[in-house]
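The block underneath contains the structure these notes are about, expressed in C-alpha cells.
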Amino acid sequence: MKRFFSVLSVALILLVVGARAGISHAQSGDADWSDPWSVFFGSHPQIIQSVFGNFGIAPNSGTTGYSWTGSDPLACETYPTGDPNDVIWYESHTQYMFFLAGANSIEYAVTYDMVTLLAAETYQVAGLEVHSFLYTYEDYPQTKIQVAYVQLIPGFEDEVYGWSITETCTETKGDNMPDVDDVMAFFIQTIRNYGYGAPADIVTPSGPTPTPFVYVAPEIEEFPAEEFGEALPEDEPVIEPLSTEEQAALVGAAVLGAVVGTAVVQGGANMMRKTLQPALVPSPVDGKLVTPKQAAFEQGKLDQGWRYNPVSGGFDYVPEAEKKFELKSNIVAGQVAQVHAQADQRKAAIQQKVQASRQKYTDSVRAEMDRHQQSYQQHMQTAERNDRYSSVAGLVETAADIGVDALAECTGPVGKSVKYTYGRVKDAIQYANDVYDHGFVAGSAKFAASKAYEAGRNKGLSKVPKPKFGSGKDTVRYFNVGPNTLAREVTPRVVDAMGNSAVDKGAELLVDAGKDAALETKPAKNVIRKINTVLGGR
Amino acid sequence: MTIPRTRPRPSCLMTVFKRLAGYAFNAVTSGMAAFALLYLYPILTPYVIDLFETLNTPTSGAWWGGFWVAVSFFLGAVISGGLGGVVELLRGRRAA
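If you're matching them up, the sequences are chains A and B in order.
Numbering-wise (this note's numbering), the first sequence opens with residue 1 and increments by one.
Numbering-wise (this note's numbering), the second sequence opens with residue 1001 and increments by one.
Shown next as C-alpha cells:
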C-alpha cells in the first residue's frame, strides 16, 4: 500500500523541523546554568516522574516512555464477531504516555504515514505557548494520539518539551485517556513549583522546592512462586528422589530391622519371663512342687470332678452320681440313707486299700528304676575307665613289642629267646582273654583265626618293601662294651632296630585296620559264621 | 477316661497361627518403617548433608546409601521392637 503524507502532517513537520533548522544545542554534559532549561532535563527527572505519578504511571529510571499497567481490554470494543478474542486491532487495549524532549522527539511523535489530523490548537499557559494536536492514522483508525509541546526558551528552537498519549480502540469505545492539555498544565505548574519561572524571569535555581508528590502506585499482582520456576535459594539442597533399587534396599533393611527388633524383644521377654518366674507351689494332688499355672490347672481339674490317679499319673474322669430316688417317708428314707452310708464307707475303705496298694507298687517300681539308673551310671563309668585303660595298655603293648624287637636285634641269641618267650606269653594272654570274652569254643576259634590271620599277614608283609634303617653293623659285641663301643655301635643299632620295629608295627596296624573293615563285609561274615559252625561255636 | 496331669500343649494349628501372626507382625512393622523413612527422607536430607559435611564425609555413593539403609534398619528395629515390647507387656499383664 502506497503511503503518503497528508497535507497537515507535512505542515506540522515543517513547523517543527524547520523551526529548529540550523540550531545545534548539546543536551548532555556539564550543567550550563546560563541555560537552565537544559539543566532541567538532566538534573530534575523527578519532575517528569511527578507528572507520570500524577496520572497513575509508576516512575522508573527511564524518562522516555511509560504505559499504564492493567489496561482494560473491554475498553476496546472493536470485536467484529462479538468475541473478545476476535479483535481487529491489538489483542488488548493499550495506552502509552511518553515524555518528549527535544525537537527530534516531537518530530518522531508526529511523523507517520497517513496521519489524519483531528484537531489542533495553540494556547497560553503561564506565559508559555503550548501547541496541542490530536490525530490518528488512516490505516489504523482505532488509534488516537495526543501530542502537546511547549518551547521553553524563545529563540532556542531545540528547547521543546512535550508529551504524547497514545491509545488504541478509541474510536469505537470512546476516550478514557487523560487529556494531554491537563498533562501539559500539570507539567508546567510542576516546573514552576521547582523554581523555574516564566521565560521573562529565569533565575538560577537555588534548589528544588518541596512539593507534594502525588504518586498513585499501581497495584502489583502477586504471582505464585511456581510461575517463576525453580527460584529456590542456593542454600536449599536438591533432594533427589529415591530410585527403585534404593527403595528396595531400604525396604529390605526395614524388614531386616523389624525381624531383628522382634527377635531382640522376644529374647528379652523370654529372659525376663525366666528371670521373673514365680516361685513353685505345692501341687494340690500330691504335694510336689509345681508351677502356679500347673497347680491352678490341677486344682481346676479337681474342682471339675476329676480325680488324680497316681499310678497312671493323670486325672480320671469320675462320672456324676446317679440321681437318687428320694422317698417321702422319713423312716424308709433314713434306712436307705443308712444303707447308702454303709456302702459308701465300704467303698471308701476298699478304695483306700486299693490306693495304698497302688502307691506301694508305684514306690517299688520307682525304687527299681532308681536302682537301675544308678547301676547304669556306674557301668558307664566303669566302661569309660576300662576304655581308657585299654587304650593306654595298647600303647604300652606296642612300646613293649618295639622294645623286645630292639633287644632281640641287639643282643643276639639271648634276645631272640627273650623275644620268643615274650611272644608266647602274649599269645597265652590273648588266648585267655578271648576265652574269657567269648567262651571256650568261640574264644579258641577266635584265637586260632587271629593267629592264622597274623601269620598270613606277616607273610604278606614280609614281601612288602618297607624302609629299613641300617647302620651296617650286623653284629654287636655285647660283652665288655665300653663307652666308645656303646656310642659307636650299640646305640645306632638299637635306634635302627627300634625304627624297623616301629615301621613293622605301623604296617601291621594299617593292615589290621583294613581287616577290621573287611570283616564287616558280608562275605567275611559268612566265612566267620561257617568257621564258628564247624567249630561248634555260636 | 484319663487325661494327662500336665496342662495341654498348644495345638499344631495354634502354633502355625502364632507363627503366621509373627510373620504378619514383621511385615506390618517393616512397612511402617519403610513409609516412615520415605516420609522422613526429604526432611532429614538437609541435616544429613550438614552432618556429613561436618564429619568431612562424602555425601554420595556407598556412604549415602549405607546411611539410609542403616536408618531404615534402625527404624524397622525400633518400630518392631517397640510394638513387640508393647505386645509383650500386654501379654504379661494378661497372664498376671
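C-beta atoms are modelled at their ideal positions from N, C-alpha and C, and glycine is treated no differently.
Note that the structure is a prediction, hence the values are computed from the model and not measured.
According to DSSP, residue 1047/B shares a beta bridge with no other residue. In the displayed model, residue 98/A falls within a strand according to three-state DSSP. Beta bridge pairing from DSSP links residue 316/A with 307/A, 1002/B.
Of 1029/B, 1051/B, 1084/B, 1056/B, the smallest CA-CA separation from residue 1072/B is found for 1029/B. Per DSSP, the continuous alpha helix (DSSP H) segment holding residue 250/A begins and ends at 244–275.
For residue 275/A, not one C-beta of chain B is nearer than 7 Å to its own C-beta.
For residue 428/A, the uninterrupted alpha helix (DSSP H) segment begins and ends at 413–438. In the structure shown, the three-state DSSP call for residue 357/A is helix.
Secondary structure at residue 128/A: strand, using DSSP grouped into helix, strand and coil. In the three-state reduction of the DSSP assignment, residue 533/A falls in the helix class, which pools H, G and I.
Under the three-state reduction of DSSP, residue 122/A is assigned to strand.
For residue 134/A, DSSP records a beta bridge to 119/A, 146/A. When C-alpha distances from residue 362/A are compared across 239/A, 310/A, 408/A, the shortest belongs to 310/A. In this structure, DSSP gives residue 291/A a state outside helix and strand, which the three-state scheme calls coil.
Within chain B, not a single residue places a beta-carbon under 8 Å from that of residue 288/A; the smallest gap is close to 10 Å. Residue 521/A carries a coil assignment under DSSP once its states are collapsed to helix, strand and coil.
Among the CB atoms of chain B, none fall inside 7 Å of the CB of residue 243/A. Residue 1090/B is outside the set of residues whose beta carbon lies under 7 Å from a beta carbon in chain A. Measuring C-alpha to C-alpha distances from residue 108/A to each of 147/A, 288/A, 120/A, 364/A identifies 147/A as the nearest. Out of 1051/B, 1065/B, 1013/B, the CA that lies nearest to the CA of residue 244/A is found in 1065/B. Within chain A, 255, 258, 259, 262 have C-beta atoms less than 8 Å from the C-beta of residue 1026/B, given in sequence order. Just so you know, the alpha carbons of residue 430/A and residue 394/A end up roughly 13 Å apart. Annotated three-state conformation of residue 365/A is helix, per DSSP. Interface annotation, residue 1011/B: not in contact with chain A, CB-CB separation never under 7 Å. Under DSSP, residue 282/A forms a beta bridge with 289/A.
Apart from the 5 residues on each side of it in sequence, residue 283/A sits with its Cβ closer than 8 Å to the Cβ of 289, 290, 294, 295, 298 in its chain, given in chain order. Rounded to whole angstroms, the Cβ separation of residue 1076/B and residue 253/A is 7 Å, and the two are in contact under 8 Å. The alpha-carbon separation between residue 1006/B and residue 292/A amounts to approximately 12 Å. The residue among 533/A, 382/A, 504/A with its C-alpha nearest the C-alpha of residue 441/A is 533/A.
Under the 10 Å beta carbon count, residue 446/A is surrounded by 16 or more other beta carbons and is classified as buried.
Chain-ordered, the chain A residues with CB closer than 7 Å to the CB of residue 1033/B read 254, 257, 258.
A Cβ of chain B is located within less than 7 Å of the beta carbon of residue 250/A. Among the residues facing chain A, residue 1073/B is included, as its CB has a counterpart in that chain under 7 Å away. With a cut-off of 8 Å on Cβ pairs, the segment 253–264 of chain A is not in contact with the segment 1042–1054 of chain B, counting fewer than three such pairs.
When the beta-carbon positions are compared, residue 160/A and residue 103/A come within less than 7 Å of each other.
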